[in-house]
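Using the working numbering, count along the sequence shown one by one with no gaps and you end on 512. A virtual CB, placed ideally from N, CA and C, is assigned to each residue, including glycine. Reading through the structure tokens given below for one structure.
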Amino acid sequence: MAHYAVRESPPLRGEIPISTSKNAVLPIMCGALLTSEDVRIENPPELTDVATLCSLFEACGCALHRERDALTIRADAFHVPKDEEDVRKMRASVLVLGPLLARLGEAHIPLPGGCAIGQRPIDQHLKGMSALGAKVACGHGGVTLTGRLRGAVIYLDMPSVGATENLIMAATLADGVTRIENAAKEPEIVDLAAFLCAMGARIAGAGTSTVVIEGVPSLHGTSWQPISDRAEAGTMACACAVTGGELLLRGARADHLRSLLFKLSEAGVHIRDTQSGLLVLGRAKQPFEIRTMVYPGFPTDLQAPMMAVACKTPGTSVFLETIFENRFMHAAELTRLGAHIRVENRVAVVEGTPYLTGAKVTATDLRAGAALIIAGLAAEGETTVCDEAGHIVRGYERIEEKLAAVGGCISRIA
Ligand code: UD1
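Here it is, written out as structure tokens:
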């Protein structure tokens with residue numbers, strides 16, 4: 099779909115505006131299905147994942163109004179999705195299950211698609227919906243849920259971000275009180291809960307491992323500015339840590355990125371939290387160890403960008419991926435650029451090298467693609483990052499323009 103030509107770049111200098119968070123916007127868009135009134139989402143990022151969800155909503159009969167800096171969704175008359183293609187395209191479409199069930203008493207989706215970074219089952223979503231009283235029927239590659247929801251106590255076997263979001267949304271309109279235990283604590287969940295409360299929902303404890311939702315009969319419209327994208331901000335901080343220089347990440351929030359900022363500091367990168375965003379100074383000089391964990395641990399979404407940093411950092415860095423079982427696909431591609439990486443199951447050991455050389459590489463998933471672009475900025479000659487599947491545009495808004503504006507030698511080809 100798109101290729102990126104990347105060349106060795108001087109230290110990055112300047113300012114990068116951080117977009118609105120993809121992982122906050124997608125559930126918030128789904129939350130808009132919980133009311134028949136207008137929901138206005140400010141500054142949604144221009145990403146194919148957002149466009150895919152928009153076309154799914156339109157196919158369900160929702161009215162969408164797009165302006166330059168806002169998206170308004172009205173779900174006054176809508177039905178369950180009939181054409182399954184848009185649902186299949188991305189994992190996040192599973193998040194329509196809760197709102198559809200809560201509003202229509204019925205939901206059907208084919209098993210979702212998305213990045214090939216692991217099996218990514220949805221058993222926790224279904225277990226929770228079933229506890230809320232939904233009848234769950236699986237078959238023919240899809241899942242159908244039916245029934246009227248009532249409050250329940252739900253224990254998640256692992257703190258899944260998507261399951262926590264889906265169940266919070268479903269419970270807002272259920273009869274009675276729902277308690278989700280071992281809930282995920284990611285900032286996007288806190289933002290979703292605040293958005294739902296602005297619609298009249300009653301939710302306490304979002305951002306802790308126990309979330310309590312008191313069902314209400316209906317929700318009303320609202321206007322919401324979702325949080326900034328911590329994955330994009332973190333990726334840009336990694337780019338600076340590879341090339342050196344001085345980057346102001348406008349709108350980035352230190353409180354959402356503490357684990358990354360500690361690791362970058364350990365590596366010798368200077369970080370300043372300013373009123374307008376995060377200031378990142380200098381390149382990584384010392385190796386580091388990373389264990390991906392649920393929030394507030396180190397985010398799995400920044401494991402690949404940090405591996406690109408490790409490739410050029412002197413010494414031995416170690417990565418342990420605990421969230422997804424197949425999230426080291428970028429290691430083989432980075433090796434094509436001359437990186438020294440050994441992968442054993444969920445552990446990757448990186449020996450930093452001063453020399454990377456440009457080559458043709460493939461973006462195997464969204465964050466892997468970003469990692470390859472970052473490494474390409476520090477590789478001698480030209481690196482072509484091939485992204486036939488369009489992973490990068492699913493999650494990074496105009497990454498080539500943003501990097502080029504601060505001195506990165508990168509352009510998008512076709
Ligand atoms: C979200 C993010 C994604 C991020 C991930 C982990 C969005 C749109 N995507 O994905 O960028 O990488 O959190 O921080 O917000 N699991 C099960 N059963 C389930 C649900 C999950 O076994 O029912 C497993 C998954 O296979 C995975 C782990 O739990 O191994 C984490 O998944 P989850 O937290 O649900 O991630 P997503 O919500 O899909």
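Put simply, the backbone Cα of Ala200 is about 23 Å away from that of Gly239. Counting of Cβ neighbours within 10 angstroms places Pro219 among the exposed residues, the total staying below 16. Taking C-beta separations shorter than 8 Å and ignoring five residues to either side along the sequence, the partners of His177 in its chain run Cys158, Gly159, Leu202, following chain order. In its chain, beyond the 5 residues on either side, Val314, Leu317, His318 have a beta carbon closer than 7 Å to the beta carbon of Gly298. Not one heavy atom of the ligand UD1 lies closer than 6 Å to the C-beta of His177. Comparing C-alpha distances from Asp147 to each of His163, Pro108, Ser191, Ile114 shows the shortest one belongs to Ser191. Taking C-beta separations shorter than 8 Å and ignoring five residues to either side along the sequence, the partners of Arg111 in its chain run Gly343, Glu344, Leu345, Val504, Gly505, following chain order. By the Cβ neighbour-count rule, Asn443 is exposed, with fewer than 16 other Cβ atoms within 10 Å of its own. Shown here, Lys361 sits in a helix according to DSSP, grouped into three states.
A direct Cα-Cα distance of roughly 7 Å separates Thr333 from Leu400.
A direct Cα-Cα distance of roughly 8 Å separates Leu362 from His368. Listed in chain order, the non-local C-beta contacts of Arg510 below 7 Å within the same chain comprise Ala100, Tyr102, Glu498, local neighbours out to five positions each way being set aside. For Gly249, the shortest separation between its Cβ and any heavy atom of the ligand UD1 does not lie below 6 Å. As the crow flies, the alpha-carbon of Asp136 is around 23 Å from that of Ile311. Looking from the CA of Lys458, the closest CA among Thr170, Trp322, Val234, Gly467 belongs to Gly467. Taken from the Cβ of Gly332, every heavy atom of the ligand UD1 lies 6 Å or farther away.
In this structure, Ile388 sits away from Phe360, with a CB-CB distance that is not shorter than 7 Å. As DSSP reads the structure, Val259 sits in no beta bridge. Assignment of Asp167 by DSSP, reduced to helix, strand and coil, places it in the coil class. Boundaries of the beta strand (DSSP E) harbouring His438: 438-442, taken from the DSSP string. Leu379 has its alpha-carbon roughly 28 Å from the corresponding atom of Ala122. In the displayed model, Arg328 falls within a helix according to three-state DSSP. Here Ala477 is buried: its Cβ has 16 or more other Cβ atoms, across all protein chains shown, within 10 Å. Nearest Cα to Asp221 within the set Leu198, Ile252, Ala168: Ile252. Ser307 and Ile325 have their alpha carbons spaced roughly 20 Å apart. With 16 or more other Cβ atoms from the protein chains shown falling within 10 Å of its own Cβ, Arg351 counts as buried.
Met256 has its CB nearer than 6 Å to a heavy atom of the ligand UD1. The three-state reading of DSSP puts Phe396 in strand, counting E and B together.
Collapsing the DSSP output to three states places Pro315 in coil. Secondary structure note for Gly474: its alpha helix (DSSP H) is the uninterrupted segment 464-474. Under the DSSP definition of a beta bridge, Gly237 partners with Gly240. Put simply, of Ala469, Thr372, Ala446 the residue whose alpha carbon is nearest the alpha carbon of Val407 is Ala469. Here the alpha carbons of Ile139 and Ala461 stand approximately 30 Å from one another. Excluding the 5 residues flanking it on each side, Cys484 has same chain C-beta neighbours closer than 6 Å at His101, Thr460, in chain order. A distance below 7 Å separates the beta carbons of Thr242 and Ala235. Annotation for Ile388: the continuous beta strand (DSSP E) segment containing it runs 387-389.
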